[in-house]
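A quick write-up on the structure given underneath.
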Amino acid sequence: GQGDAILIETGNNSNILIDSGVYEGDRYLLPYLLDKGVRKLDILVATHSHEDHINGFDELMDYFKVGALILPAYENQKQDFQDLIYQADIRNIPCYSVLENDIINTGKSDLFVFNPQKEFFKKDIPLNNTSIVLKYCYDDFSILLTGDIEGEIESILISEKKKLRSDVLKVPHHGSETSSGRRFLSAVGPKVAVISVGYNRFNHPESDVLERLLDTGALIYRTDINSEITIKTNGRKYIIDSTY
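Shown next as structure tokens:
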């Protein structure tokens, strides 16, 4: 649906769930995860506090053993995450906040944190731009996970010379016109672009964004067309499968 939810299953039997979006009646993630044989969630990452990214976490924390919850380190966003932090606390799930240049170690691979920016720690900025941006690397394979960042953060990531180039891009903000600028897409150079999107009133994904993605030469996958999208890699080659 319109929400974001990305599951990473690593070679050392770790499960990392990035967002758990449930949006306007979309089905919950629990049946899907159980069908996949998932029995624990080592790391939950809430990229930012919009409901289409975090509404599914409560149910998952009820059912699964969870190792840790990771949130963006923004002082002004604590109130928005208050219920989620409370739910984690009563279940004795440790919570951690991350900023740019942090590294989340998953055993065999790493998640590199490119956003939130330290300069905005105590500033009131749009929630989309507080999104945790992660680059997941496994040997030669990489995927850039962008939450809902908009053009301002894309420009900062370019100016800071972050190592944005990645095989796969989780397209920012469901394909909104506010994101996926040409310079950003050129810096990432994705071979595959995945858009998490469902029926919505926001006109996502925008036709201009689709055109810019096509201009990069990326293959585009959309959850509203392809449904579940699975990427498998041995660290050198990768294959993509979708429901349709």
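Oh and the sequence shown: position 225 is 225 in my numbering, straight run, nothing missing. By construction, the Cβ of each residue, glycine as well, lies at the ideal position given by its N, Cα and C atoms.
Test item: CB-CB of residue i and residue j under 7 Å
{"i": "residue 179", "j": "residue 190", "result": "no"}
{"i": "residue 164", "j": "residue 187", "result": "yes"}
{"i": "residue 101", "j": "residue 153", "result": "no"}
{"i": "residue 50", "j": "residue 127", "result": "yes"}
{"i": "residue 242", "j": "residue 231", "result": "no"}
{"i": "residue 58", "j": "residue 79", "result": "no"}
{"i": "residue 251", "j": "residue 14", "result": "One cannot answer for residue 251 here, as it falls past the ends of the chain, which runs 1 to 244."}
{"i": "residue 45", "j": "residue 8", "result": "no"}
{"i": "residue 170", "j": "residue 194", "result": "yes"}
{"i": "residue 41", "j": "residue 66", "result": "yes"}
{"i": "residue 174", "j": "residue 192", "result": "no"}
{"i": "residue 182", "j": "residue 212", "result": "yes"}
{"i": "residue 61", "j": "residue 91", "result": "yes"}
Residues that residue i bridges to, as DSSP identifies them
{"i": "residue 65", "result": "40"}
{"i": "residue 112", "result": "103, 135"}
{"i": "residue 153", "result": "Note: residue 153 sits in no beta bridge, so no partner."}
{"i": "residue 72", "result": "98"}
{"i": "residue 17", "result": "7, 44"}
{"i": "residue 233", "result": "238"}
{"i": "residue 192", "result": "168, 219"}
{"i": "residue 85", "result": "BP columns for residue 85 are empty, so no partner."}
{"i": "residue 145", "result": "134, 170"}
Rounded distance between the beta-carbons of residue j and residue i, thought under 8 Å
{"i": "residue 53", "j": "residue 19", "result": "4 Å"}
{"i": "residue 238", "j": "residue 139", "result": "At roughly 11 Å, the Cβ-Cβ gap does not stay under 8 Å, so residue 238 and residue 139 are not in contact."}
{"i": "residue 28", "j": "residue 56", "result": "6 Å"}
{"i": "residue 85", "j": "residue 68", "result": "Not confirmed; about 12 Å, so no contact."}
{"i": "residue 233", "j": "residue 147", "result": "The Cβ separation is near 22 Å, so there is no contact."}
Residue i, buried or exposed, once every other Cβ within 10 Å from all chains shown has been counted against 16
{"i": "residue 202", "result": "exposed"}
{"i": "residue 72", "result": "buried"}
{"i": "residue 108", "result": "exposed"}
{"i": "residue 225", "result": "exposed"}
{"i": "residue 217", "result": "exposed"}
{"i": "residue 63", "result": "exposed"}
{"i": "residue 150", "result": "buried"}
{"i": "residue 249", "result": "Outside the shown range of the chain (1 to 244) lies residue 249, about which nothing can therefore be said."}
{"i": "residue 185", "result": "buried"}
{"i": "residue 123", "result": "exposed"}
{"i": "residue 6", "result": "buried"}
{"i": "residue 247", "result": "Since the displayed the chain opens at 1 and closes at 244, residue 247 lies outside it and no answer follows."}
{"i": "residue 129", "result": "buried"}
{"i": "residue 11", "result": "exposed"}
Chain B contact for residue i (CB, 7 Å cutoff)
{"i": "residue 48", "result": "Given the protein chain composition of this structure (a single chain), no chain B is represented."}
With three or more beta-carbon pairs closer than 8 Å as the criterion, would you say the region 119-135 touches the region 26-35?
no
Is there contact between the region 105-112 and the region 199-214, where contact requires at least three CB pairs shorter than 8 Å?
no
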